[in-house]
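In the UniProt record's numbering, the protein residues as written are 1 to 171. Backbone N, C-alpha and C fix where the C-beta goes; we use that ideal spot for every residue, glycine too.
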């Protein structure tokens, strides 16, 4: 499971990744970190994989914590993955890395994604649209857009909001 706000323990980076597989070697941890696009920033930490990250991962950015959480899940190699708003509140650069890492994590697995940002699920095999706790629509992205229902309305609204720009006031 990869949550919107992943929790990291007041341990080393290696220990936090190793939670996914307690008997993992350092080589396996590094391999998972590379697949999650976090090896590069980990190497730049004061003690690399032996850097203590603080309670809740206090010394890392939200995107860095997310990628370590993905590395943990990659190392675990579970057949079913639950992503609970995993890309919410990330800056664009971290979102790109996280999407790439999720693609590696999800390869040949069953993945359940909970998302409000529809862009993150548009390539899903099947999308379930919930409304008031019930399934309102189901299908692929293109099919749901063609239905002209709730999904299409939400998609259009997110596209409209995603294109806003600040204008300077003329004097």
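According to the neighbour-count rule (16 or more other Cβ atoms, all chains shown, within 10 Å of its Cβ), is residue 6 buried or exposed?
Per the 10 Å Cβ criterion, buried.
Environment of residue 39 [buried if 16+ CB atoms lie within 10 Å]
Burial call: buried.
Whether or not the segment 84-102 and the segment 128-141 are in contact is what I'm after, with contact meaning three or more pairs of Cβ atoms, one per stretch, closer than 8 Å; do they touch?
Contact between the segment 128-141 and the segment 84-102 is absent, because fewer than three Cβ pairs lie under 8 Å.
For residue 10, tell me which candidate among 55, 155, 27 and 29 has the shortest Cα-Cα distance.
The residue from 55, 155, 27 and 29 with its alpha-carbon nearest to that of residue 10 is 55.
Starting from residue 137, follow its DSSP beta bridges and name the residues at the other end.
Paired residues: 129.
Quick check: residue 73 and residue 2, are their CB atoms within less than 8 Å of each other?
One thing to note: residue 73 has its Cβ within 8 Å of the Cβ of residue 2.
Among 14, 145 and 159, which one has its Cα closest to the Cα of residue 45?
The option with the nearest alpha carbon to residue 45 is 14.
Confirm, please, whether the CB-CB distance from residue 32 to residue 17 is below 8 Å.
Yes, Cβ-Cβ distance for residue 17 and residue 32 is below 8 Å.
Just how far apart, CA to CA, sit residue 63 and residue 41?
Whole-angstrom Cα-Cα distance: 11 Å.
Which residues DSSP lists as bridging residue 77, in chain order
Residue pairing by DSSP leaves residue 77 without any beta bridge partner.
Classification of residue 65 by the beta-carbon crowding that lies within 10 angstroms, buried from 16 upward:
Counting C-beta atoms within 10 angstroms of its own C-beta, residue 65 has 16 or more neighbours from the protein chains shown and is therefore classed as buried.
Residue span of the alpha helix (DSSP H) that contains residue 105, given as start and end:
Residue 105: member of the alpha helix (DSSP H) spanning 92-106, first to last residue.
Quick one: complete alpha helix (DSSP H) runs, 4+ long, within the UniProt domain "ABC transporter" (1-88)?
For the UniProt domain "ABC transporter" (1-88), the full-length alpha helix (DSSP H) segments reaching 4 residues or more read 13-18, 26-35, 39-43 and 62-76 along the chain.
Suppose contacts are defined by Cβ-Cβ distances below 8 Å. Is residue 87 in contact with residue 93 by that definition?
The answer is no: Cβ separation not under 8 Å.
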